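Written out below as structure tokens is the structure these notes cover.
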Amino acid sequence: MIVLRTERELEILRRAGSITAGLREVARRAIRPGIRTRDLDAVVADAIVLAGAASNFKGYHGFPATVCVSVNDEVVHGIPSDRRLEMGDVVSVDLGAVWRGYHGDSAFTVALGEVAPRVRELIEATEEAMWRGIEACRPGNRVGDISAAVEAVARRHGLGVVREFVGHGVGRAMHEEPQVPNYGSAGTGPVLRRGMVLAIEPMFTLGDAAVRVLDDGWTVVTVDGSTAAHFEHTVAVGDPPEVLTLEPDRPLAAAGDGHG
Amino acid sequence: MAEDIGPPLAVGDVAISLRGRDRGTVVLVWGILGGQRVAVVDGDVHPLRRPKPKNVRHLRRLGRSEELAHRMAVGERLTDADVERALAPHRQALEGLKGEGGDDDGQGG
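Protein chains in written order, with the working numbering: chain A, 228 to 487; chain B, 377 to 485.
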């Protein structure tokens with residue numbers, strides 16, 4: 228069942244979203260060659276506490292960390308470790324927060340230093356696809372319109388579209404209905420309505436789209452070892468669509484204000 | 377965090393249970409329940425009159441019974457013996473693997 232959020236719920240989701248946006252900025256500032264992915268996780272974990280929120284990733288189906296850090300051929304759900312980021316790495320960070328029972332969910336990919344033009348294209352196209360998908364989050368459209376808009380960008384750039392992992396509804400749970408695949412046909416699937424909140428998250432690969440899960444049970448890698456990128460925002464369906472995880476509405480240090 | 381919809385399971389697929397009391401048993405996907413769940417049968421502990429709902433994350437696809445998939449698709453009624461027969465080769469293959477490991481702890485139920 229797809230839940231339509233009340234205006235009151237949307238207010239809380241906006242807050243969860245702006246906290247998540249703040250976390251994204253914290254992570255973006257912390258990423259640099261030499262940092263361990265474990266340290267990146269710690270920085271974001273601290274920021275969540277500072278915001279008066281809680282992690283929605285930690286413990287989710289047993290996920291052991293606050294953020295997912297996926298490097299190079301890792302697509303999503305990489306577990307932070309002692310691995311140190313290096314120049315030339317392509318780093319995807321997926322993070323979120325839960326505030327007063329409602330979730331925010333967002334992800335981005337950056338390249339450290341110079342990378343091949345084709346890798347740059349992968350990252351830029353994946354972000355563009357996310358925005359095309361977000362543009363389609365309007366009342367009266369269908370989920371398939373989002374999927375088709377995202378997929379079209381991948382096709383245009385000759386990139387692989389990961390099929391086993393999808394966007395999703397966001398609300399009181401991080402993963403709610405509907406599923407939002409990054410492939411599909413316009414005009415199909417559930418009709419979008421005001422009050423729906425969706426995570427739009429293309430995952431593209433430079434090579435083949437086939438993925439497998441490592442023995443840790445989480446890390447998703449490309450089977451052919453090609454580089455992957457991932458962007459995500461949590462979006463309220465509207466005209467225009469409202470990107471809830473776009474920007475922090477105040478400095479993160481003050482994000483706990485008005486809480487409780 | 378992306379939602380894991382796994383390699384999609386279809387009616388007629390044969391899978392092994394990875395979690396739960398029935399862990400390690402070979403089952404047939406009998407129905408798709410939506411979301412992340414499917415209904416499975418094994419012709420024995422979970423007969424056709426009592427399919428077991430199962431999270432797809434807790435199953436790994438081993439193969440497919442084209443015969444049963446077709447018969448279910450055309451609405452033909454199956455028997456538990458049909459299911460057992462279709463699963464038997466997959467069970468034997470797994471037993472073979474176990475045998476090579478030297479240790480066979482049986483299937484429980």
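From the three backbone atoms N, C-alpha and C, an ideal C-beta is built for every residue, glycine too. As the structure is a prediction and not an experimental result, all values here were calculated from the model.
Listed along chain B, the residues sitting closer than 9 Å to G323/A by beta-carbon distance are M377. Scanning the region 389-426 of chain B from its first residue to its last, the whole beta strand (DSSP E) runs of 3-plus residues come out as 389-393, 402-410 and 413-417.
Along the region 301-312 of chain A, the positions whose C-beta sits under 8 Å from a C-beta of chain B are V303 and H304, read in chain order. As a beta-bridge residue in DSSP terms, C295/A pairs with D321/A.
Secondary structure of H395/A (DSSP, three-state): strand. Cβ neighbours of L231/A within its own chain (closer than 8 Å, five residues either side excluded): R420, R421, G422 and M423. Within 10 angstroms of the beta-carbon of E403/A lie 16 or more other beta-carbons, which makes it buried. In the structure shown, T454/A adopts coil according to DSSP, grouped into three states.
With contacts defined by Cβ atoms closer than 9 Å, E459/A and M314/A do not form a contacting pair. For N299/A, the closest Cβ of chain B is not nearer than 9 Å. Taking a C-beta distance under 9 Å as the contact criterion, A324/A and E428/A do not qualify as a contact pair. Boundaries for L277/A: no beta strand (DSSP E) harbours it, while the alpha helix (DSSP H) harbouring it runs T264 to L277, taken from the DSSP string.
Checking the DSSP bridge columns, you'll see K285/A has no partner listed. Using a Cβ distance threshold of 9 Å, V393/A and V407/A count as a contacting pair. A straight line joining the alpha-carbon of T264/A with that of I258/A spans about 9 Å. Per DSSP, T247/A is one residue of the alpha helix (DSSP H) stretching across E234 to A257.
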